[in-house]
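Beneath this line is the structure, given in structure tokens, with notes to follow.
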Amino acid sequence: MTVNNLPEERVKTVGEQVCKYDVVIVGAGFGGLYALHHLRNDCGFSVKAYDVAGGVGGTWYSNRYPGARVDIESVEYSYSFSYELQQEWEWTERYPSQKEVLKYLNHIADRFDLRRDIQLNTRVTSTIFDEETNQWLVETDNGEQVRAKFVIMATGFVSAPNKPNFKGIETFKGKQYHTAKWPHEGVDFTGQRVAVIGTGSSAIQSIPFIANEAAQLTVFQRTPAYIVPLRNCPLSPEYLKSVKANYGKWRRIERTAFGGYVAQNFEPRLPNSKLALEVTLEERLADYENRYNSGGLCYYNTFPDVFTNREANDTLAEFIRAKMGERISNRNIAEKLIPKNYPILMKRLVADNNYLETFNQDNVSLIDVKESPIERITPDGIMVEGKEYEFDTIVFATGFDAVTGAMTRIDIRGRDNQSLQEYWENGPRNYLGFMISGFPNLFMLDGPGSPGAFYQPVLLNEYQAKWVGSCLEFMSVKGITSIEPNIKAENEWVTHSTEVADQTLLPQADSWYMGANIEGKARVSLMYIGGFPNYKRQCDASAVNEYKGFLLSNTTENMIQASK
Ligand code: NA7
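Basically our numbering = 1-based index in the sequence shown + 942.
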């Protein structure tokens, strides 16, 4: 017997094998951990989670580069599902370091007794849908095969590292590191000539630290980022006490805001309702100045027309450019570091800790590779425009095959042996960011088509895992064995998502939000930019209408809800 016509030798025990789990979860980061807790502890399903890493934490396990920290405030970038957890946990910094976030996630794994159902050091290599049994056959890199009724991809949107395949990369004689796969023992750059390729969040966080150790640091920049100060600081016991006393209010406001994080000057603030172009210049500048002084990413809650109207966007972009200029002493370098040609917020805004000032150091230089891309890596360094720059170490801060990469790197096959990679060749397709037509009983958390990186990912994970839990309970009660979107609903969701993105300035920037950072990747909006409240309304409406837009069946032949 074969599954989806796959070769017999690939499927070791199919036929004899019992279904071992109700749910297999791929990934043990924020999304996977909460999904495991909710589906097992709240809903009573048998659940097994796999993660390729040697510990829980997902992206916070592997991104250990110097200076790594979250740029959403700790009291917001944390789970809301447990009142007790929120009251117990004490964040030490306004923006916690990678170490502190990882400590928190390890605490979650222990506190909710999750480890016994997590298998680490295990890469899920394929998941194949068996149409005869409505089960997924999950295969891992240690040769294990398990069957599950449902699979949840909690693989994260910035987890599949992108290392561009520069010509000659294998000939480099020095050391190479990728920020997303940083050695646990750390790296000593003392006295070295170091290159950093990339100027996104990872580069901007790590460069000040590398520059302090290295003899020379050369940064290769393709696109300058809009940069604002993070203004990290320790958190006082009084502040934590006040947040804990008002956590419900914080969370309620977060759920109504576009970005899902609402702290400004240490208070939860509703997003602006007025438009940038309808207030006076003084009011507008006062708003921007207030956000600048507060620190961090709170511009995502500024005037809403900044997202949709280039003239409005320019008012903020101009303000930030001027602020960036004040921090860089060399005019030639400032000219390169300050972005000009794309709208602000449409490529990830980066909040820094002394990055711009680092270019005032004598040992730091900047090479613009936008017009003249890196030609090749040589045994001794990097070649640009026929000139060779020599290095002992190259740091690739080149980001991720974001949003879709973690899933398309797994051999996922749905009905008729359809490969997900092929199905998504022209961009990810799905319904409500949850499920894909032709791939029954496969759910995604924080995936394409959901608000993903446009919303606070921890809260989005919680909402989505609860939605999946309710869906599985519904199926269990009704004796439904298979669910997948109907193609009409999927098409409509893709069209709606694209239309919403086209109403914004998103397509005007080359960002990973649009798949533009990876050569050959389809250029489409990978996530839903209509805002979490809109997204939630549509997901809730589907659920209360007995999963409108989905095909439900109790056998493969018997579609009991053909096309609502
Ligand atoms: P990012 O933000 O995607 O940054 C990657 C950087 O690497 C970015 O500056 C890229 O330039 C640059 N890059 C990528 N490929 C190349 C090539 N071929 N040549 C030169 N430069 C290149 O990833 P991060 O890890 O910094 O952050 C990812 C997210 O994690 C971040 O947005 C937060 O949400 C958390 P580009 O801008 O594409 O021109």
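The beta-carbon is built from N, C-alpha and C at its ideal position, and this holds for glycine as well.
Note that the structure is a prediction, hence the values are computed from the model and not measured.
Remark: the C-beta of F1342 is in contact range of the ligand NA7, defined as less than 8 Å to any heavy atom. Between G1394 and M1469 the beta-carbon gap is near 4 Å, inside 8 Å, which marks them as a contact. Here D984 is exposed. Its C-beta has fewer than 16 other C-beta atoms within 10 Å.
At least one heavy atom of the ligand NA7 falls within 8 Å of the beta-carbon of N1459. Distances from the alpha-carbon of G1421 to those of P1427, A1276 and C1413 put C1413 closest. Here S1143 is not bridged, per DSSP, to any residue. DSSP places D1072 inside the beta strand (DSSP E), whose first and last residues are V1066 to D1072. Judged by the Cβ position, S1144 qualifies as a neighbour of the ligand NA7 at the 8 Å threshold, a heavy atom of the ligand being closer than this. Between the ligand NA7 and the CB of W1454, the shortest heavy atom gap is smaller than 8 Å.
A Cβ-Cβ contact shorter than 9 Å links F1381 with F1071. Assigned with DSSP and collapsed to three states, Y1003 falls in helix. With respect to the C-alpha of P1210, the residue from D1055, S1184, E1220 and L1219 having the closest C-alpha is S1184. By the Cβ neighbour-count rule, A1156 is buried, with 16 or more other Cβ atoms within 10 Å of its own.
Under the DSSP assignment, G1394 falls outside any beta strand (DSSP E); it carries neither an H nor an E label. Taken through DSSP and simplified to helix, strand or coil, G1110 comes out as coil.
S1004 is a Cβ neighbour of K1123, given a cutoff of 9 Å. Residue pairing by DSSP puts T1335 in a beta bridge opposite K1117 and V1136. The three-state reading of DSSP puts R1465 in coil, since its state is none of H, G, I, E or B.
Unbroken beta strand (DSSP E) runs of no fewer than 3 residues, entirely contained in the region 1345-1429, are found at 1353-1355, 1384-1386 and 1424-1427, following chain order. About 17 Å separates the beta carbon of N1243 from that of V1292, a gap too long to meet the 8 Å contact definition. Taken through DSSP and simplified to helix, strand or coil, E1317 comes out as coil. Residue environment: K1041 is assigned as exposed (fewer than 16 neighbouring CB atoms within 10 Å of its CB, all protein chains considered). Shown here, W1454 sits in a helix according to DSSP, grouped into three states. With a cutoff of 9 Å on beta-carbon distance, Y1405 and F1474 are scored as near each other. Under the three-state reduction of DSSP, P1125 is assigned to coil, being neither helix nor strand. It is roughly 17 Å from the alpha-carbon of R1318 to the alpha-carbon of Y1119. The DSSP-derived three-state label of G1323 is strand. Shortest Cα-Cα distance from D1388 to any of K962, D964 and G969 involves G969.
The three-state reading of DSSP puts F1249 in helix, counting H, G and I together. Residue range I1169 to P1171 is occupied by the beta strand (DSSP E) that includes P1171. If you draw a straight line from the Cα of I1286 to the Cα of V989, it is about 42 Å long. Taking 9 Å as the cut-off, the beta carbon of F1342 is found closer than this to the beta carbon of P1103. Secondary structure within the region 1180-1268: the alpha helix (DSSP H) runs of 4 or more consecutive residues, fully enclosed, are 1189-1198 and 1223-1236 (chain order). DSSP, reduced to helix, strand and coil, places P1176 within a strand of the structure shown. In this structure, the beta-carbon distance from N1084 to T1064 falls below 9 Å. Excluding sequence positions up to five before and after T1320, its CB lies within less than 8 Å of the CB of G1110, T1113, F1114 and E1330, all in the same chain and listed in chain order.
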